[in-house]
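Participant: I'd like to ask you about the structure that follows.
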Amino acid sequence: KTFNEKMMAAMVNDSDEYCLLRSRLTDKYLVRKWVAEKIGEEYLIPLLGVWNHPDEIDFAQLPSKYVLKTTNGCDCNVISNGKYIADEDFIRLKLHRWLQINHADICFEEHYRNIIPRIIGEEYLENLDGDIHDYKVFCFHGEPKYIMYLCDRKKGLKMAFFDLEWHRMPFVYTYPECDDYIPKPDNLVKMLMLTRKLCAGFNHVRVDWYILNDGSIKFGEMTFTSCGGLAKWNPKEWDYELGKLV
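If you use the numbering used here, the sequence shown corresponds to residues 11 to 256, in order.
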C-alpha cells in the first residue's frame with residue numbers, strides 16, 4: 011500500500027520489456043539520446059567524453075572543472091571544482107571499483123542489471139551562490155505531481171517538497187527540511203512541460219533537473235525506484251498518501 015512498498019514491488023516484478031526500457035533510461039549515457047529525441051539536445055549537460063575503462067581518460071584534455079560519473083550506478087561521481095589538483099591515480103581506482111558494482115545484486119533494482127558499465131564526463135554546473143539548484147519531479151501515470159527541491163549539498167543536504175503551484179508540502183524524507191524561503195523558479199511551467207514529455211507512459215518516474223542562473227534548464231536523470239523503497243517519510247502517513255498515486 012505504501013510508496014516504499016510499491017517501489018520495492020517495481021524493483022522485482024517488472025516485465026522483461028519494461029525492465030529493458032527502464033535500464034536504457036537509467037543508463038546515464040544511453041538516456042541522453044532518448045532525451046535529445048524527446049525534447050532536444052539543448053537540455054543536456056554538455057558531454058566531455060565517454061570511456062569504457064578509467065585508464066582511457068586523458069585528464070590533460072579535461073577542463074579544470076568537470077564531473078565524472080559511472081553509467082551503471084548511484085552516487086558514483088567524481089566532482090572537480092578546479093580548486094585542487096586531481097589525484098588521477100586515486101580517481102582511476104575509485105572509478106574502477108565503481109564499475110565492478112552491479113546495483114541489481116546489491117540493491118535488488120533489477121533494471122540496473124543490463125546497463126553497460128562505462129564512465130561519462132560532463133561539464134561542471136554551478137550557480138553564482140556556489141550551489142546548484144536541483145529540482146526532482148515526482149510523476150505518476152504520466153503527470154507531474156510533486157517537486158522536490160534540494161539545497162545545501164556542500165553543508166549537509168536538506169530538502170523541501172512543493173505542489174505544481176509551488177505551495178510547500180508538509181513532508182520530506184530521510185533528510186532535514188530546508189527552512190529557507192525558496193522562490194518559485196521563473197521557468198517552472200516550462201520545466202513541467204518538459205517533464206510531461208519525458209514521463210509519459212510511466213506508472214511512476216522521478217525526472218531530475220538543474221536550473222542555472224541564466225534561466226537554462228538542464229536534464230539530470232530519470233529514477234524509477236526512488237530511494238530503493240527505503241525512504242524514511244516524515245510524517246509517515248505520506249508514505250501511504252504517495253502510495254495511493256502509484
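Backbone N, C-alpha and C fix where the C-beta goes; we use that ideal spot for every residue, glycine too. For clarity, every value in this text was computed on a predicted model and none was experimentally measured.
Starting from the C-beta of Glu15, find all residues in its chain whose C-beta is less than 6 Å away, skip the five residues before and the five after it, and write them out in chain order.
Facilitator: Mapped onto the sequence shown, residue 15 falls at position 5. No residues qualify anywhere along the chain.
Participant: Going by the beta-carbon positions, is the gap between Val215 and Phe234 smaller than 7 Å?
Facilitator: In the sequence shown, residue 215 corresponds to position 205, counting from 1. In the sequence shown, residue 234 corresponds to position 224, counting from 1. Yes, the Cβ-Cβ distance between Val215 and Phe234 is below 7 Å.
Participant: Over the uninterrupted beta strand (DSSP E) stretch that includes His143, give me the two end residues.
Facilitator: For the purposes of this step, residue 143 is taken as the residue at position 133 of the sequence shown. Looking at the DSSP string, the run of the beta strand (DSSP E) that includes His143 is 143-150.
Participant: Alpha carbons only, please: which of Tyr191, Pro180, Leu208, Glu175 is nearest the one belonging to Asn197?
Facilitator: Start at 1 with the first residue of the sequence shown, and residue 197 comes out as number 187. For the residues Tyr191, Pro180, Leu208, Glu175, the minimum Cα distance to Asn197 belongs to Glu175.
Participant: With the cut-off set at 7 Å, would you say His121 and Ser226 are in Cβ contact?
Facilitator: Indexing the sequence shown from 1 puts residue 121 at position 111. Indexing the sequence shown from 1 puts residue 226 at position 216. No; because the gap between Cβ atoms is not below 7 Å, this pair is not in contact.
Participant: On a CA-only basis, which of Met232, Cys237, Lys242 is nearest Arg42? Give me that one, please.
Facilitator: In the sequence shown, the residue the question calls residue 42 occupies position 32. Per the Cα distances, Met232.
Participant: Suppose you measure from the CA of Leu103 to the CA of Ile130; what does that come to, to the nearest Å?
Facilitator: Sequence index remark: in the sequence shown, residue 103 carries index 93 (1-based). Sequence index remark: in the sequence shown, residue 130 carries index 120 (1-based). Spanning the two alpha carbons is a distance of roughly 16 Å.
Participant: What's the gap between the Cα of Cys209 and the Cα of Asp65?
Facilitator: By one-based count along the sequence shown, residue 209 stands at place 199. By one-based count along the sequence shown, residue 65 stands at place 55. About 36 Å.
Participant: By how many angstroms is the C-alpha of Tyr185 removed from the C-alpha of Lys79?
Facilitator: Taking the first residue of the sequence shown as 1, we reach residue 79 at position 69. Taking the first residue of the sequence shown as 1, we reach residue 185 at position 175. Those two C-alpha atoms are separated by around 23 Å.
Participant: Using C-beta distances below 6 Å, list every residue in its chain close to Tyr183, excluding the 5 sequence neighbours before and after it, in chain order.
Facilitator: Residue 183 sits at position 173 when you count from the first residue of the sequence shown. Cβ neighbours of Tyr183 beyond the five flanking positions: Ala241, Lys242, Trp243.
Participant: Using the beta-carbon count (16 or more within 10 Å), is Leu57 buried or exposed?
Facilitator: In the sequence shown, counting from the first residue as 1, residue 57 sits at position 47. With fewer than 16 other Cβ atoms within 10 Å, it is exposed.
Participant: For Trp108 and Ser236, what's the separation of their Cα atoms in angstroms?
Facilitator: Start at 1 with the first residue of the sequence shown, and residue 108 comes out as number 98. Start at 1 with the first residue of the sequence shown, and residue 236 comes out as number 226. Rounded to the nearest angstrom, the two C-alpha atoms are 20 Å apart.
Participant: Touch check for the stretch 147-156 and the stretch 59-77: three-plus C-beta pairs under 8 Å?
Facilitator: Taking 8 Å as the limit for Cβ pairs, the verdict is that the stretch 59-77 does not touch the stretch 147-156.
Participant: Helix or strand or just coil, what does DSSP make of Gly253?
Facilitator: Position 243 of the sequence shown, counted from the first residue, corresponds to residue 253. Looking at Gly253 - three-state DSSP - the assignment turns out to be helix.
Participant: Apply the 10 Å Cβ neighbour rule to Arg128 and answer buried if 16 or more other Cβ atoms are within range, or exposed otherwise.
Facilitator: Position 118 of the sequence shown, counted from the start, is the residue given in the question as residue 128. Arg128 should be labelled buried.
Participant: Considering Phe100, what are the terminal residues of the alpha helix (DSSP H) in which it resides?
Facilitator: As a working mapping, residue 100 is identified with position 90 in the sequence shown. Here the alpha helix (DSSP H) through Phe100 covers 98-109.
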